[in-house]
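There are 2 protein chains.
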Amino acid sequence: MTEYPVGATHTTARIVNALAGGREAGVTELAEELSVSKASVHNHLATLERLGIVLSSNGRYRLGLRLLDLGMGIRDGMTLYQTASPEVNGLAESTGESTALVVPEHGEAVHAAVEDAERNDRRIRLGSRLPLHATAAGKLILAYRSRDEVEAYVETHGLDRLTDRTVQSPSDLRDELRSISDRGLAFDRGEVWEDMRSVAAPIRQGERGDAFAGAVAVLGPAERLSGKRLEEDLPGLVLSAAKRIELDLAD
Amino acid sequence: MTEYPVGATHTTARIVNALAGGREAGVTELAEELSVSKASVHNHLATLERLGIVLSSNGRYRLGLRLLDLGMGIRDGMTLYQTASPEVNGLAESTGESTALVVPEHGEAVHAAVEDAERNDRRIRLGSRLPLHATAAGKLILAYRSRDEVEAYVETHGLDRLTDRTVQSPSDLRDELRSISDRGLAFDRGEVWEDMRSVAAPIRQGERGDAFAGAVAVLGPAERLSGKRLEEDLPGLVLSAAKRIELDLAD
DNA sequence: AAACTTGTTTATCTATAGTGAACGGAGAGC
DNA sequence: GCTCTCCGTTCACTATAGATAAACAAGTTT
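Protein sequences, first through last, are from chains A and B.
Each residue of the first sequence is one higher than the one before, counting from 2 in the working numbering.
Each residue of the second sequence is one higher than the one before, counting from 2 in the working numbering.
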């Protein structure tokens, strides 16, 4: 009862996580890995199967696509997605690059919509999560928080260094967040992946534009996103797209 | 123990389902709806929140995007998706129509991959599920099953009539399945939605090509998919795409 | 300002989730 | 072809912990 009010649900979640990524596993295997009795693992798997979440074939278990269905439904139900989606698509059209709608969740930057530059060009996965301090959209999210909240974030999540360019110290982060909130625009110059660049603009909400709803971002390879294009052209397009979303959200 | 070996997990699932589609709800609301005590609902929600699955803001709860992340990971981990994905994209490219990879799961046709004809043209949602007897890919799935298995399907799932064109009787279904397995090709002429058409070809697997892995489908509005294009041109393209996937699966 | 909401907490109790051991079937190896 | 082994499943038991109802604490509404 110390951690999770409903322990059984926690166990189920652990089993599901162990099967994440399409891994196929047996009962004994999972039981040893999670330090739970075979019978218990079996019960959880049987329950999950009845729920349509896992599939079993001759004694081996794997996750089915029910959670994908659920997840897509959640995403489609988000009002922010509903109003932002056309603009995110339009932005991909006008820039010829991949675009995304990013929302904060549990201290992470989550990709609520992703539009690829072209087919067979999956850059980032829909629903994928990245640390706030390393991405353009993430830093934007932090820039709209109070000093204390940013400090709390650093405290709990730390400043993982994904590449040499990832912001390293709390003071560097603070400086960058200030300039970001001044311009109302954020960049990522290889802070997640060396050869990747992105620009993000905030989607504000509420009477005084104080509430932060999410961010729109354009992203792509450094070879295409650099110089004047990255610094001037794309920012303009991203900003105006974000602005249009803000207006659409108002009604 | 009658239904679900782990009752607590079942309760959690019921709560999650009640919140599906991005619905926001309070504790009391859910408690009444599901006939569970307030305290219990609260415990489950608190657990789900700690797991990063639900988000709460001033007493109201909703599902976050963690399940989407999980679901996408499951999909990306499917070997069938990995090998079929390029072909599904290519088929969308060459036909100019939407395409999909469909797999059977728990007696339903699940869309494991969807490639839209163009941006802003979402026809079917990724992960969405349709009854086997009404879709082209679904009937294909049934066509590769034994007579008994088909009968069992009808028994448990029934033959929901989605439109006037949906197959109605078990004998009609049997007849159609025979001609489908003869041609190795299936059509849907408005059986799910009146103004929708689709063609699907099977992806077979195993030594003697007896194991059924999934189906590739082209789908679109009846105004574009009709006549020679629907009956001859598209079938050829779909069949060859499916064949290429089968070959890629072999190695 | 009081009378409703609502979410949260508490204390009690019983159902049940977890355990270990036994069962049965499939495969491997001699 | 037989045994041995491994694994998934089932069984019976017990202590745990999920579910309950009632009290509590905030926040709205009237």
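Virtual Cβ for every residue (Gly too), placed ideally from N, Cα, C.
Secondary structure of residue 221 (chain A), DSSP reduced to three states: The residue labelled residue 221 (chain A) in the question sits at position 220 within the first sequence. Strand at residue 221 (chain A).
Beta-carbon gap between residue 109 (chain A) and residue 139 (chain A) smaller than 9 Å: In the first sequence, counting from the first residue as 1, residue 109 (chain A) sits at position 108. In the first sequence, counting from the first residue as 1, residue 139 (chain A) sits at position 138. Yes, they are a contact pair.
Against chain B: residues of the stretch 15-34 of chain A by CB proximity under 9 Å: For the stretch 15-34 of chain A, which is checked against every Cβ of chain B, the residues closer than 9 Å are 17, 18, 20, 21, 22, 23 and 24.
Cβ contact (3+ pairs, closer than 8 Å) linking the stretch 53-60 of chain A and the stretch 87-100 of chain B: No, because fewer than three Cβ pairs between the stretch 53-60 of chain A and the stretch 87-100 of chain B fall closer than 8 Å, the two stretches do not touch.
Cβ neighbour criterion (16 or more within 10 Å) applied to residue 157 (chain A): By 1-based counting over the first sequence, the position of residue 157 (chain A) is 156. Residue 157 (chain A) should be labelled exposed.
CB contact check: residue 10 (chain A) to chain B, cutoff 9 Å: Translated into the one-based positions of the first sequence, residue 10 (chain A) becomes position 9. Chain B, which has a Cβ nearer than 9 Å to the Cβ of residue 10 (chain A), makes this yes.
Rounded straight-line distance, which links the Cα of residue 55 (chain A) to that of residue 106 (chain B): Here the question's residue 106 (chain B) lines up with position 105 in the second sequence. Here the question's residue 55 (chain A) lines up with position 54 in the first sequence. When rounded, the distance between both Cα atoms is 10 Å.
Sequence-distant residues of the same chain with beta carbon closer than 6 Å to residue 30 (chain A), five excluded per side: What you label residue 30 (chain A) is simply residue 29 of the first sequence in a count that begins at 1. Same-chain partners within the cutoff: there are none.
Residue 199 (chain B), buried or exposed, once every other Cβ within 10 Å from all chains shown has been counted against 16: Residue mapping note: residue 199 (chain B) aligns to position 198 of the second sequence, counting from 1. With 16 or more other Cβ atoms within 10 Å, it is buried.
Unbroken beta strand (DSSP E) run spanning residue 54 (chain B), endpoints: Locating residue 54 (chain B) in the second sequence gives position 53, counting from the first residue. Per DSSP, residue 54 (chain B) belongs to no beta strand (DSSP E) and is neither H nor E.
Environment of residue 233 (chain B) [buried if 16+ CB atoms lie within 10 Å]: As a position in the second sequence, residue 233 (chain B) is number 232, starting the count at 1. Residue 233 (chain B) should be labelled exposed.
Cutoff 9 Å: residue 98 (chain A) Cβ touching any chain B Cβ: Within the first sequence, numbered from 1, the residue matching residue 98 (chain A) stands at position 97. Cβ-Cβ to chain B under 9 Å: no for residue 98 (chain A).
The stretch 178-186 of chain A in contact with the stretch 219-227 of chain A per 3-pair CB rule at 8 Å: Contact between the stretch 178-186 of chain A and the stretch 219-227 of chain A is absent: fewer than 3 CB-CB pairs across the two stretches fall below 8 Å.
CA-to-CA distance, residue 52 (chain B) to residue 34 (chain A), given in whole angstroms: Indexing the first sequence from 1 puts residue 34 (chain A) at position 33. Indexing the second sequence from 1 puts residue 52 (chain B) at position 51. C-alpha separation (whole angstroms): 19 Å.
According to DSSP, residues forming a beta bridge with residue 164 (chain B): Position 163 of the second sequence holds residue 164 (chain B). Paired residues: none, contrary to the question.
For residue 197 (chain B), the residue or residues it bridges with in DSSP: In the second sequence, the residue the question calls residue 197 (chain B) occupies position 196. Answer by DSSP bridge pairing, in chain order: B:222.
Nearest neighbour of residue 219 (chain A), chosen from A:98, A:8, A:75 and A:19 [CA to CA]: Here residue 219 (chain A) refers to the residue found at position 218 of the first sequence. Out of A:98, A:8, A:75 and A:19, A:98 has the C-alpha closest to the C-alpha of residue 219 (chain A).
Residues that residue 134 (chain B) contacts on chain A, provided the C-beta gap is smaller than 9 Å: In the second sequence, residue 134 (chain B) corresponds to position 133, counting from 1. Within 9 Å Cβ-Cβ: nothing; residue 134 (chain B) doesn't reach chain A, min ~18 Å.
The stretch 234-249 of chain A / the stretch 35-50 of chain A touching (three or more Cβ pairs under 8 Å): Not touching, per the Cβ criterion.
Contacts of residue 5 (chain B) in chain A (Cβ-Cβ under 7 Å): One-based indexing of the second sequence puts residue 5 (chain B) at position 4. In chain order: 48 and 51.
Under 9 Å by beta carbon: chain A residues contacting residue 59 (chain B): Translated into positions along the second sequence, residue 59 (chain B) becomes position 58. None at all; the shortest Cβ gap to chain A is about 13 Å.
Chain A within 9 Å of residue 116 (chain B), Cβ atoms only: Here the question's residue 116 (chain B) lines up with position 115 in the second sequence. So, interface residue.
Partners in chain B for residue 128 (chain A), counting only beta-carbon separations shorter than 9 Å: As a working note, residue 128 (chain A) is residue 127 in the first sequence. Going along chain B in sequence order, the residues near residue 128 (chain A) (Cβ under 9 Å) are 66, 67, 68, 69, 70, 71, 72, 73 and 74.
Through-space distance from residue 213 (chain B) to residue 243 (chain B), alpha-carbon basis: Taking the first residue of the second sequence as position 1, residue 243 (chain B) is located at position 242. Taking the first residue of the second sequence as position 1, residue 213 (chain B) is located at position 212. For residue 243 (chain B) and residue 213 (chain B), the distance between alpha carbons rounds to 12 Å.
Residues near residue 135 (chain B) in its chain [Cβ-Cβ closer than 6 Å; skip 5 each side]: Working through the second sequence from its first residue, we reach residue 135 (chain B) at position 134. Cβ neighbours of residue 135 (chain B) beyond the five flanking positions: 163, 167, 192 and 193.
Buried/exposed call for residue 48 (chain B), threshold 16 Cβ in 10 Å: Counting from one through the second sequence, the residue named residue 48 (chain B) turns up at place 47. Residue 48 (chain B) comes out buried.
Within chain A, partners of residue 45 (chain B) - CB distance below 7 Å: Translated into positions along the second sequence, residue 45 (chain B) becomes position 44. Within chain A, the residues near residue 45 (chain B) are 7 and 10.
Member of A:229, A:45, A:231 and A:203 whose CA lies at the smallest distance from the CA of residue 248 (chain A): To locate residue 248 (chain A), count along the first sequence from 1; it is residue 247. If we check each option's Cα against that of residue 248 (chain A), A:203 comes out closest.
Chain-ordered chain B contacts of residue 113 (chain A) [CB-CB under 9 Å]: The count along the first sequence starts at 1 and reaches residue 113 (chain A) at position 112. Ordered by position in chain B, the residues that pass the 9 Å Cβ test against residue 113 (chain A) are 66 and 69.
C-beta atoms of residue 75 (chain A) and residue 101 (chain A) nearer than 9 Å: The residue you call residue 75 (chain A) lines up with position 74 of the first sequence. The residue you call residue 101 (chain A) lines up with position 100 of the first sequence. In this structure, residue 101 (chain A) does not lie closer than 9 Å to residue 75 (chain A) by Cβ.
Partner residues on chain B for residue 78 (chain A), Cβ-Cβ distance less than 9 Å: Locating residue 78 (chain A) in the first sequence gives position 77, counting from the first residue. In chain order: 21, 22, 23, 24, 63 and 64.
Beta carbon of residue 205 (chain A) nearer than 9 Å to that of residue 154 (chain A): Numbered from its first residue, the first sequence carries residue 205 (chain A) at position 204. Numbered from its first residue, the first sequence carries residue 154 (chain A) at position 153. It is not a contact, given that the beta carbons lie outside the stated cut-off.
Residue span of the alpha helix (DSSP H) that contains residue 245 (chain B), given as start and end: What you label residue 245 (chain B) is simply residue 244 of the second sequence in a count that begins at 1. Unbroken alpha helix (DSSP H) run through residue 245 (chain B): 235-251.
Beta-carbon proximity list for residue 201 (chain A), same chain, < 6 Å, skipping 5 on both sides: Here residue 201 (chain A) corresponds to residue number 200 of the first sequence, with the count starting at 1. For residue 201 (chain A), where only same-chain residues beyond five positions count, the Cβ hits under 6 Å are 137, 138, 141, 187, 216 and 218.
Contact set between residue 93 (chain A) and chain B, taken where Cβ atoms lie within less than 9 Å: Within the first sequence, residue 93 (chain A) is the residue found at index 92, counting from 1. Chain B residues near residue 93 (chain A): 120.
Sequence ranges, beta strand (DSSP E) only - wholly within the stretch 66-128 of chain B, length at least 3: 99-106 and 109-116
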